[in-house]
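Number of protein chains: 2
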Amino acid sequence: MRAPDHPQLSTVSLSDALGALADPTRRAVVRVLTDGREHLAGDFDLGVAQSTLSHHMKKLRQGGITHSRPDGTRCWVSLRPEFDERFPGLLRTVLGLDTEQARS
Amino acid sequence: MRAPDHPQLSTVSLSDALGALADPTRRAVVRVLTDGREHLAGDFDLGVAQSTLSHHMKKLRQGGITHSRPDGTRCWVSLRPEFDERFPGLLRTVLGLDTEQARS
DNA sequence: ATCGATGTTCGTCGATAATCGATGAACTGT
DNA sequence: ACAGTTCATCGATTATCGACGAACATCGAT
Chain A
1 MRAPDHPQLS TVSLSDALGA LADPTRRAVV RVLTDGREHL AGDFDLGVAQ STLSHHMKKL
61 RQGGITHSRP DGTRCWVSLR PEFDERFPGL LRTVLGLDTE QARS
Chain B
1 MRAPDHPQLS TVSLSDALGA LADPTRRAVV RVLTDGREHL AGDFDLGVAQ STLSHHMKKL
61 RQGGITHSRP DGTRCWVSLR PEFDERFPGL LRTVLGLDTE QARS
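Chains A and B, in that order, give the protein sequences. The opening residue of the first sequence carries number 1 in the UniProt record's numbering; numbering runs sequentially from there. The opening residue of the second sequence carries number 1 in the UniProt record's numbering; numbering runs sequentially from there.
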């Protein structure tokens, strides 16, 4: 697996971040990651094809939200801690609002 | 002018709201509206065609963020106060992060 | 060297987005 | 009645999105 691209946080726009968070599947990924740990990409079972999940992971990386660390044939995904320095409070606010009825 | 549609806030999803806020032109509109007053739709000069601005206004309405009140041939636009009850803190957070460099 | 597992990339599809100019609808003022 | 203003809508264009399967790359294990 080629090492994925992680943009500098300073080049990530608010539109990029909000665009990444506007999709419910991607928010579901982020919600899992808020435990602060790394998760295997393959452990997300969100009802989409593997290639689709890979696409969403790319969007999250480009939005500066997540970090992907290849490990052999697998891939560990985690939140980028610096994201909250770039956009303070955004993740907490968005995820806090992401209740059952608001989710779709 | 036909009266524009304003969705019930309970039917507006977080994805709708975030999608509306993900566009910099629309955030520029919202930023103006945070003075709490009504503004004429024609007073926004954001460098896009009139029809394009109308399109953005529609997105903001559909995201539950703004209210449009026709008045003769013109249209007064304002924030929907209930939006903050539906998504508490979202507008304040997003607009607070919308600095010059993050804007695009 | 081959195989299976895991993700990424590619090509494609239908749907939606953002933009524009042109047209239409509704109102105002003369 | 007519002309002008203001905004919405239409039609077209171009781009992007989310989805899929298929193909590809990389690695570990056999």
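Idealized CB from N, CA, C, for every residue including glycine.
Exercise for the section: Kindly indicate if chain B contains any beta-carbon less than 9 Å away from that of A/S104. Expected result: True, the Cβ-Cβ gap to chain B drops below 9 Å.
Exercise for the section: Using three-state DSSP, classify A/D71 as helix, strand or coil. Expected result: In the three-state reduction of the DSSP assignment, A/D71 falls in the strand class.
Handout entry: A/G89 versus B/P7 - alpha carbon distance
Key = CA-to-CA, the gap between A/G89 and B/P7 works out to about 28 Å.
Handout entry: Interface residues of the stretch 66-91 of chain A facing chain B [CB-CB below 7 Å]
Key = The stretch 66-91 of chain A vs chain B, Cβ under 7 Å: F87, G89 and L90.
Exercise for the section: Check each candidate in A/L79, A/F87, A/R86 and A/S10 and name the one with the smallest Cα separation from A/R27. Expected result: From the listed residues A/L79, A/F87, A/R86 and A/S10, the smallest Cα separation to A/R27 is found for A/L79.
Handout entry: Pair within 9 Å by beta-carbon distance, A/V30 and A/T66
Key = Yes, they are a contact pair.
Practice task
Mind reading off the beta-carbon distance from B/L97 to A/L21? Whole number of angstroms is fine, and I expect it under 8 Å.
Solution key: Not a contact, Cβ separation roughly 12 Å.
Practice task
Starting from the C-beta of A/R69, find all residues in its chain whose C-beta is less than 8 Å away, skip the five residues before and the five after it, and write them out in chain order.
Solution key: E38, C75, W76, V77 and S78.
Practice task
Give the C-beta separation of A/R61 and A/D5 to the nearest angstrom, bearing in mind that I take them to be a contact with Cβ-Cβ under 8 Å.
Solution key: Your pair A/R61 and A/D5 checks out as a contact, with CB atoms roughly 7 Å apart and the cut at 8 Å.
Practice task
Can you have a look at A/V48 and say buried or exposed, based on whether 16 or more other CB atoms are within 10 angstroms of its CB?
Solution key: Exposed.
Exercise for the section: Can you give me, in chain order, the residues of the stretch 19-36 of chain A that have a beta carbon less than 8 Å from any beta carbon in chain B? Expected result: Closer than 8 Å at the C-beta level to chain B, one finds these residues of the stretch 19-36 of chain A: G19, L21, A22, D23, P24 and R27.
Exercise for the section: Would you kindly report the start and end of the unbroken alpha helix (DSSP H) that includes A/L9? Expected result: That residue, A/L9, is in no alpha helix (DSSP H); it is neither H nor E in DSSP.
Handout entry: Contacting residues, own chain, Cβ-Cβ under 6 Å from A/D43 (five flanking each side not counted)
Key = Take A/D43, set aside five residues on each side of it, and no residue of its chain has a beta-carbon closer than 6 Å to its own.
Practice task
Taking only beta-carbon positions, decide if B/T93 is within less than 9 Å of chain A.
Solution key: Yes, because at least one Cβ of chain A sits closer than 9 Å to the Cβ of B/T93.
Handout entry: For B/L40, three-class secondary structure by DSSP
Key = Look at B/L40 here: in three-state DSSP terms it is strand.
Practice task
Could you confirm whether any beta carbon from chain B is found closer than 9 Å to the beta carbon of A/L97?
Solution key: Closer than 9 Å: yes.
Problem - Beta-bridge pairing of B/V77 - partner residues as DSSP gives them - result: Residue pairing from DSSP places B/V77 in a beta bridge opposite B/H39 and B/S68.
Handout entry: C-beta atoms of B/L18 and A/L18 nearer than 9 Å
Key = Yes, Cβ-Cβ distance for B/L18 and A/L18 is below 9 Å.
Exercise for the section: Answer yes or no: does any C-beta atom of chain A fall closer than 9 Å to that of B/L53? Expected result: Answer no: the Cβ-Cβ gap between B/L53 and chain A never drops below 9 Å.
Exercise for the section: Kindly list, in the order they appear in chain A, the residues whose Cβ is closer than 9 Å to that of B/H14. Expected result: Before going further, note that residue 14 of chain B is Leu rather than His in the sequence given. Going along chain A in sequence order, the residues near B/L14 (Cβ under 9 Å) are L21, A22, P24, R27, V94, L97, D98, T99, A102, R103 and S104.
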